[in-house]
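S.K.: Structure in structure tokens, see below.
In the numbering used here, the protein residues as written are 70 to 1051.
Structure below.
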């Protein structure tokens, strides 16, 4: 049966186009029920009588039809293995796909689990359930009518099937079909049409066998809350927002909550260098970190400056009426902002008038029980300080008290201090290493589930061998003295090097990179999974691979003494490291040795070593020093960050020892040739594919980014010239103090904080002058050297292979739009991987200091209005030493406020207490200990020892060195993350 749909469309030229679409309707689409005697079932029954659920609302057996809003709002309920015999209409499935790709993916996983008995019924192509759109009927109303029509048909169809005498003699109860909808209008019409209908919440509450399932219901509102006094201004309607944005009355951007001050935030808006500053609860107006918001810019006379105070929300039992204490905190921010505005440049300030798009996700944290006994209403405290507390209802608070749990936000009404949400699931005991690692991965949106069977099906069959065809297609480099240099314990070796003398007196240098693209073909499930993950993520003692381990640690890893596929970049250079010519080809190599940085350094330094590998390494090291000096002379920056390494117990996975990472000449040697390879490949693919080359740029920071660096250096008697990368590099080299060998490192750490994020992009999307990589002083750059752990490198390998005829091209490789989307995902994944790694270091640092108290030498890195930011070189640690105590003892000590007075000088950014003045880079002695009073946010407490301030400093701890046992730790697996950034 055929249905014709006609409509007209106006073209760009103004012509009217008549479009006719054919819509085929069928009568052979089965209902999927084992009760049916009429339908032709061409597959195993999905709707069966084996799964019956007891409901106090519906005493008889029943199937369930879901409305779209139920799937979108109650996906956490649906994921529980409770509801069976569910009919999924194609109308609903298409609406879910259109409205939320993430929920569609989760819903699809439920549908494909055959044990759940979710049956997809293609109602849009069944002759009895298709609903044509009526004149003046909205698409939403038409879809609601189609859902009711299909539900009515199903119920009638199954009643007819069960009306036979044979069924009556069986004594079975009649199975009915019910509709679950949270749409009041749709429910009212369904009731008038004689359809059995109820809401999702009513149905879940009727399931007596599953009382805890109620906790997972989406909470749009709480009882007795509608009468509460509004605490926030109303949001404008979407129509008003769009009109205001069109007229430039409002500005659109992404909201970023402050991690240090819960009453401040920022909206990143195009053409506003520092974004739009937000201060105070009403200006933040219920925005959650990541939301796309509309902001109204205040008159310039009302602009402010960041308050620069550290302010944490303390009262977790807060009710809806603002307390005097909270009002005092708002005033504290305003006063600090006014004071800052007098000395600092005022920044554009605004207020949020509406939400364009929510970016809510699932949040990890802990449950804070209510002070009221026998209540189901509780406050959830997220692990991420940028996320507000969330109100939830749960009947299992006692069980969840010392658990890490996941909660999601459902709504945030203006009469509620906190958003409303619901419990999703428990992760495990608080403080357990596996649980805390899971929290880190979830909070940073790191895909870490096991690779699916579909993904694994595209891996090579083992045992895998190199065939004669493979040798014929590749350049045979097995006789070269190739070696790899990596951190100890590294298993994902993706690069190797060689250097040999040429008859003409020049040198041949080769960088050989694992040929991952040979094993991951474009478009298959393995490729899509790697693209989605984007990067390998390194936590302390744990690695979340981008590709399955068979590739990352075996077939692609360039281990010593084993033949492997590689993509080789080979140069001819003279003795002064000038590149004379280059070539690229796919190859077969056999690394002669896999070495650690330390082993390679020992071999270079040992004059008795005269083998081919030693000669190769010495030449590489000499050339690398020339290349590095050349880069520095061109303006490349040498930056620094406090990096530490942990020795981890092999059984408990807890840190045994912490130390600053040691850098050797061999680290720099590898880095220089990886940089050279990346630059060389970037130049080549950009010339071959001018519109679609995958490149990486590092934007030059705006001058205001350098303000903290310039001021701090100036006080120490140094002028930092930020006119260009070269002038900045020379200025940093001059920042040396004989009495403080760590001073230059701190200056470089401050410089790192001023930098912009390096990002991937497609060459056709920017002008050539925008390709520049500021940190490397390179006109063009890409990532080619780590395809095992970065998907960007796989994309670059495919472009390079196509350009040299080593592999065929394909449509998507040259599609700019799809590749831009991939780059956006890679930038996001790379950033999240960095944050996850830092969070893992912080977690292990806390574990290391648990039960310990140590006095250590440190330096003041920043001076804030109520705190000092302290850096401890021995451990590479950074933390906050609070100067203004409060009754909650934020700094770990309870003191009377009036006893100690610190005065902050706005002009030179100093703190004074009596005769003691703190400047940036001043040496201090601090006592380190772990404050575990807040189980959600354990923190490393920094307390002042020297200089001594009576009533504020703590007494010096006498270190008892004698008699201490030396604990020998087993060597641990070091991951690729320990490598110098390439």
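Every residue gets a Cβ at the ideal spot worked out from N, C-alpha and C, and that includes glycine.
On a predicted model such as this, the values are computed, not experimentally measured, just so you know.
1) Let me know the secondary structure DSSP gives residue 992 once reduced to three states.
2) Any idea if residue 640 is buried or exposed, counting beta-carbon neighbours within 10 angstroms, 16 or more meaning buried?
3) Between the Cα of residue 219 and the Cα atoms of 98, 648 and 809, which residue gives the shortest distance?
4) Quick check: the Cα distance between residue 85 and residue 184, rounded to an integer number of angstroms?
5) Using C-beta distances below 6 Å, list every residue in its chain close to residue 806, excluding the 5 sequence neighbours before and after it, in chain order.
6) What three-state label does DSSP hand residue 710 in the structure shown?
7) With contact counted as at least three CB pairs below 8 Å, one residue from each stretch, are the segment 827 to 843 and the segment 881 to 899 in contact?
8) Could you pull out every residue in the same chain whose Cβ sits closer than 7 Å to the Cβ of residue 527, ignoring the five residues on either side in sequence?
9) With DSSP as the reference, identify every bridge partner of residue 38, one or two as the case may be.
10) Residue 755 and residue 744 - do their beta-carbons sit closer together than 8 Å?
11) Within this structure, are the beta carbons of residue 268 and residue 243 separated by less than 8 Å?
12) Pick from 101, 157, 893 and 285: whose alpha carbon is nearest that of residue 491?
13) Let me know the beta strand (DSSP E) ranges lying completely inside the segment 269 to 330, each 3 residues or longer, listed in chain order.
14) Just to confirm before moving on: does the CB-CB distance between residue 580 and residue 638 stay below 8 Å?
15) Indicate the three-state DSSP secondary structure (helix, strand or coil) for residue 194 in the structure shown.
16) Should residue 306 be labelled buried (16 or more other beta-carbon atoms within 10 Å of its own) or exposed?
17) If we count the other Cβ atoms within 10 Å of its Cβ and call it buried at 16 or more, is residue 631 buried or exposed?
18) To the nearest angstrom, how far is it from the Cα of residue 227 to the Cα of residue 100?
19) For residue 533, which option in 633, 616, 803 and 889 has the closest C-alpha, if you only look at C-alpha atoms?
20) Based on the DSSP secondary-structure assignment, which residues constitute the bridge partners of residue 664?
21) Nearest-angstrom Cα distance between residue 962 and residue 558?
22) Classify residue 916: buried if its beta carbon has 16 or more other beta carbons within 10 angstroms, exposed otherwise.
23) Just verifying my parser: in three-state terms, what is the DSSP assignment at residue 897?
24) Straight-line CA distance for residue 435 to residue 615?
25) Does the Cβ of residue 751 have 16 or more other Cβ atoms within 10 Å, making it buried, or fewer, making it exposed?
26) Compute the Euclidean distance between the alpha carbons of residue 679 and residue 672, then round it to the nearest angstrom.
27) Three or more C-beta pairs closer than 8 Å, one from the segment 898 to 916 and one from the segment 776 to 790: is that the case here?
28) Kindly indicate which three-state DSSP category residue 222 falls into: helix, strand or coil?
29) Using a Cβ-Cβ cutoff of less than 8 Å, which residues in the same chain neighbour residue 774 once the five nearest sequence positions on both sides are dropped?
30) DSSP state of residue 587, grouped into three classes?
31) Could you give the uninterrupted runs of the beta strand (DSSP E) lying entirely in the segment 757 to 840, keeping only those of 3 residues or more?
32) If you draw a straight line from the alpha carbon of residue 864 to that of residue 642, how long is it in whole angstroms?
33) Measure the C-alpha to C-alpha separation of residue 389 and residue 913 and round it to an integer number of angstroms.
34) Here's a check: name, in chain order, each residue in its chain whose Cβ is nearer than 7 Å to the Cβ of residue 222, leaving out the five neighbours to either side.
35) List the DSSP bridge partners of residue 334.
36) For the alpha helix (DSSP H) containing residue 469, name the first residue and the last one.
M.R.: Inspection of the coordinates gives the following:
1) For residue 992, the secondary structure class from DSSP, reduced to helix, strand or coil, is strand.
2) It is buried - the Cβ of residue 640 has at least 16 other Cβ atoms within 10 Å.
3) Nearest option by C-alpha distance: 98.
4) Here the alpha carbons of residue 184 and residue 85 stand approximately 51 Å from one another.
5) These residues qualify, in order along the chain: 812.
6) DSSP places residue 710 in coil when its eight states are reduced to three.
7) Cβ pair count under 8 Å is three or more, so yes.
8) Correct list, in chain order: 593, 594 and 595.
9) With the chain represented from 70 up to 1051, any question about residue 38 goes unanswered, as that position is not in the structure.
10) In this structure, residue 744 sits away from residue 755, with a CB-CB distance that is not shorter than 8 Å.
11) No.
12) Each of 101, 157, 893 and 285 was checked against the Cα of residue 491, and the nearest Cα belongs to 285.
13) With a minimum length of 3 residues, the continuous beta strand (DSSP E) runs that stay inside the segment 269 to 330 are 320 to 326.
14) Yes; because the gap between Cβ atoms is below 8 Å, this pair is in contact.
15) Helix at residue 194.
16) It is exposed - the Cβ of residue 306 has fewer than 16 other Cβ atoms within 10 Å.
17) Residue 631 counts as exposed, since fewer than 16 other beta carbons sit within 10 angstroms of its beta carbon.
18) Straight-line Cα distance between these residues: approximately 9 Å.
19) Nearest option by C-alpha distance: 633.
20) DSSP, once it has assigned bridges, lists 554 as partnering residue 664.
21) Residue confidence for residue 962 is low, a pLDDT of 42 falling below 50, so the modelled location carries little weight; the figure read from the coordinates is stated next. Looking at the two C-alpha atoms, the distance is approximately 43 Å.
22) With 16 or more Cβ atoms within 10 Å of its Cβ, residue 916 is classed as buried.
23) Note: residue 897 maps to helix in three-state DSSP.
24) So the two alpha carbons sit approximately 30 Å from each other.
25) Buried is the call here.
26) Their Cα atoms are separated by approximately 9 Å.
27) Touching, no, given that fewer than three Cβ pairs across the two stretches are closer than 8 Å.
28) In this structure, DSSP gives residue 222 a helical state, which the three-state scheme calls helix.
29) Only 823, 824 and 825 meet the Cβ criterion.
30) DSSP places residue 587 in helix when its eight states are reduced to three.
31) Taking 3 residues as the minimum length, the beta strand (DSSP E) runs contained wholly in the segment 757 to 840 are 763 to 766 and 828 to 831, in order along the chain.
32) If you take the alpha carbons of residue 864 and residue 642, they lie about 28 Å apart.
33) Only weak support is given to the placement of residue 389: the predicted model assigns it a pLDDT of 43, under 50, and the question is left unresolved by the model.
34) If we look at residue 222 and ignore the five residues flanking it on each side, its Cβ neighbours are 197 and 198.
35) Looking at the DSSP output, residue 334 shares a beta bridge with 326 and 347.
36) Per DSSP, the continuous alpha helix (DSSP H) segment holding residue 469 begins and ends at 466 to 469.
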